[in-house]
Amino acid sequence: MSKQPILQIENLRVSFRIHDEYYAAVDGVSLTVNENEVVAIVGESGCGKSALALSIMGLHPLERTKLEGTIAFKGKNLLPLSVPQLNQIRGKDIGMIFQDPLTALNPLMSVGRQIEESMDYHTKLSSSAKRQRTLELLKRVGIPNPEKTYDRYPHELSGGMRQRIVIAIAIACEPSLIIADEPTTALDVTIQAQIMGLLKELQQQMKTGIILITHDLGVVAEMADRVAVMYAGEIVELADVNTLFSRPLHPYTRSLLHSIPSVQTRKEKLHVIQGIVPSLQKLPRTGCRFKSRISWIDESEHEKNPILREVAPGHWVRCTCYKNFYFPQDNIGDMNYGIS
Amino acid sequence: MLKFILRRIVIMIPQLFLLSILVFLLAKAMPGDALTGRLANNPKMDAQTLAEMKEKLGLNDPPYVQYVRWIKNLMQGDLGISYIHQQPVTDLLSERIGNTLLLSACILILSYIIAIPLGIVSGRWTNSLADKLIVGYSYLSFATPLFIFALLMLFVFGFILGWFPTGGSVNIQVEKGTVDYYISKINHLILPSLSGALLSTVGTIQYLRNEIIDTKIKDFVKTARAKGVPESRIYSRHILRNSFLPIAAFLGYEITGLIGGSIFLESIFSYPGIGQLFLQSIMQRDYSVITALVMISGLATLLGTLLSDIILSAVDPRIRIE
Ligand SMILES: Nc1ncnc2c1ncn2[C@@H]1O[C@H](COP(=O)(O)OP(=O)(O)OP(=O)(O)O)[C@@H](O)[C@H]1O
Ligand SMILES: [Mg+2]
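Chains D and G are the protein sequences, given in the same order. Counting in the UniProt record's numbering, the first sequence runs from 1 upward without gaps. Counting in the UniProt record's numbering, the second sequence runs from 1 upward without gaps.
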């Protein structure tokens, strides 16, 4: 059963202007999302995940951003589209869930109106039909007492409730793709699990594709079909979720998996990757971008111009440095992330 | 809501009481008394009559007795007698308060009509040429003293070009209540209100501009864009509504500024309002008028703050007054 691709990102480069010069935050990214597929994007802070997510719907500040490559949604390239043309797609075919439910909602508009608003532009429903549909959506995202909540303002709701509202906004017009940029980072742990459960349930009901950006590898294991690991604006490894957890290849992926505390490692020193993602202006632009963080690996192990290579069917890795890389305590087989 | 307003009004009473003590002390501390002003008109008055009058006016009583008498009358709406104009202060004020209210309302409305569109353009298209011009204008207007600007306006449009009357609030030759009367009233308002308005836009423009710049990068604006809301609606429904909050909150305080401004404006344009009266009364030491006017402006300031709070609670759902 081959799935139809709904989103095909081809060689995408997203650059921001800083002091009259453009710096790429996303560099040469190619990624496909199929119908009803959850693709997770992981990588540490500043590696360009949000920059990638926002570029899909053209939500970057136009005057300071340069987008190159193609982002084809259902076969149609979105990059050359004007804002009014994009508005036909935003909210209707693609929904977006933002990180922080405390700031993602307009404080002066009732939450019901905020959910309804996208229907104003994408449907021809009467106002009573819109209200009806909004009440159904509220129920669907697990809000008790939709009638009452409809007229509530964001500040009257808890963080978890607000994130449910944000989700209701994203699914209001039944989009075929949802982009969720760290949808639970701002919430506390028990609420995180509820929200992820809700997202998974909705995804299975509506058969939407999801791009799920997250720091939480547990969430990845639970929800994703495929995983893209990003480092410094590039995808360094791309594989289906089982392969990625059982046979991670790129040194960066492996160090990411090592940095999750598990029962076994709790008593030992937590493994932390040395260094941080360099700032946008100081990003290495040539060779293997991860080189400086695994400096004990000999220069000759890296490719001059590393490309993403398919090393096994569906398993892509950038650079050859992974071949001779191992952690002193590299013992991935011992780790069990609960992948079924 | 009603309870809140009532409570605020109750809180005002001690504030006004404090103000009244202050005003009374200041009036006492100023050189001269109620008679000095009168004497200026009648230098030949002998010492005998003077002493009699002093006794009659209660000026020999201890200060607290005078204060209690004054405040008692004040609460009954009796603001005393103006010794200069030889008529009750209430009569004197009632003629002029309407004029000042009219002028202040015109200044406020005109200033918003000018400032709001400029602030929006400036905030929405930051760093554009229009923005730079607007910011330039607002700084210039901030640096220009009102009395110089008003004099210039009066000189150019009143005297040289002769487009507008140079004084008064209405042409006294036209009959009250006719269409001509109202036209004349408006005609007399244009120059002073324009002068006041052009210089009082800076606060609104800068506030609005900064608010829009802050608001347009907020997450909820991104959420709205991600819904496919057209750009014009992004501004009208999401950005502007949030940016107007501080402007609305500021409205009450603007009133305080207007009271100060009216002193210069009315004097320069010989506009018969309470600002002009205030300046005259200070120069002529017309104490009962001065104290009454200070009390009134104090009350106006307090009411202005209350108004601000009420407006804010009406426009911001996060502030609900129970
Ligand atoms: N509008 C912008 N203008 C300039 N630089 C930007 C802009 N947006 C992002 N950047 C820079 O691009 C880089 C990637 O940022 P991005 O927000 O995509 O990171 P991220 O992977 O989403 O991180 P996080 O996990 O913290 O959300 C960062 O260095 C960031 O400072
Ligand atoms: Mg991010």
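Even for Gly, the Cβ is constructed at its ideal location relative to N, Cα and C. It should be emphasised that the depicted structure is a prediction, and the values quoted were computed from it without experimental measurement.
- Across the set G/291, G/290, G/133, the C-alpha of G/133 shows the shortest separation from the C-alpha of residue 121 of chain G.
- Our two residues, residue 193 of chain G and residue 261 of chain G, have alpha carbons roughly 10 Å apart in a direct line.
- Just so you know, the alpha carbons of residue 95 of chain D and residue 147 of chain D end up roughly 24 Å apart.
- Residue 255 of chain G sits in a helix when the DSSP states are folded into three classes.
- Annotation: residue 190 of chain G is outside any beta strand (DSSP E); the continuous alpha helix (DSSP H) that includes it extends over 179-199.
- Between residue 39 of chain D and residue 31 of chain D a beta carbon distance of about 7 Å is seen, short of the 8 Å cut, so the two are scored as contacting.
- Inclusion of residue 181 of chain D in the 7 Å shell around ligand 2 follows from its C-beta lying nearer than that to a non-hydrogen atom of the ligand.
- Exclusion of residue 284 of chain D from the 7 Å shell around ligand 1 follows from its C-beta lying no nearer than that to any non-hydrogen atom of the ligand.
- Looking only at D/66, D/128, D/291, the smallest Cα-Cα distance to residue 304 of chain D is reached by D/291.
- Here residue 317 of chain G is not near residue 252 of chain D, since their CB atoms are 8 Å or more apart.
- For residue 222 of chain G, the distance from the CB to the nearest heavy atom of ligand 2 is not below 7 Å.
- Nearest in C-alpha terms to residue 110 of chain G, of all of G/14, G/258, G/278, is G/258.
- As the crow flies, the alpha-carbon of residue 250 of chain G is around 9 Å from that of residue 312 of chain G.
- At least one C-beta of chain D is nearer than 8 Å to the C-beta of residue 220 of chain G.
- A distance criterion of 7 Å places the beta-carbon of residue 74 of chain D beyond contact range of ligand 2, judged by its closest non-hydrogen atom.
- Counting along the chain, residue 70 of chain G sits inside the alpha helix (DSSP H) bounded by residues 63-75.
- Neighbours of residue 232 of chain D across chain G, judged by C-beta separation under 9 Å, do not exist; the nearest C-beta is about 24 Å away.
- Distances taken from the Cβ of residue 64 of chain D to the heavy atoms of ligand 1 include one shorter than 7 Å.
- For the segment 100-134 of chain G, the beta-carbon criterion of a distance under 7 Å to any beta-carbon of chain D is satisfied by none of its residues.
- Within the same chain, Cβ atoms closer than 8 Å to the Cβ of residue 184 of chain D are found at 163, 191, 192, 195, 196, 214, 216, 219, the five residues on either side in sequence being excluded.
- At least 8 Å separates the CB of residue 210 of chain G from every CB of chain D.
- Classified as exposed, residue 125 of chain G has fewer than 16 neighbouring CB atoms from the shown chains inside 10 Å of its CB.
- Between the alpha carbons of residue 245 of chain G and residue 107 of chain G lies a gap of roughly 21 Å.
- Closer than 7 Å to some heavy atom of ligand 1: that does not describe the Cβ of residue 308 of chain D.
- With a threshold of 7 Å, the Cβ atom of residue 98 of chain D does not count as near ligand 1, since no heavy atom of the ligand is closer than that.
- Annotation for residue 242 of chain G: 215 place their beta carbon closer than 6 Å to its own, counting only its chain and skipping 5 residues before and after.
- In its chain, beyond the 5 residues on either side, 115, 118, 119, 138 have a beta carbon closer than 6 Å to the beta carbon of residue 205 of chain G.
- In this model, residue 188 of chain D and residue 22 of chain D are separated by some 37 Å (Cα to Cα).
- At least one beta carbon of chain G lies nearer than 8 Å to the beta carbon of residue 121 of chain D.
- Pairing residue 55 of chain G with residue 70 of chain G, the inter-Cα distance amounts to about 16 Å.
- Contact between residue 234 of chain G and residue 225 of chain G holds, since their C-beta atoms are separated by about 6 Å, short of 8 Å.
- Sixteen is the threshold: since fewer than 16 other Cβ atoms of the shown chains lie within 10 Å of the Cβ of residue 152 of chain G, the residue is exposed.
- In this chain, the alpha helix (DSSP H) harbouring residue 276 of chain G covers 274-284.
- Looking at the DSSP output, residue 254 of chain D shares a beta bridge with no other residue.
- Cβ proximity to chain D below 9 Å picks out 226, 227, 228, 229, 230, 231, 233, 237, 238, 241, 242, 245 from the segment 226-246 of chain G.
- 8 Å or more divides the Cβ of residue 58 of chain D from the Cβ of residue 233 of chain D.
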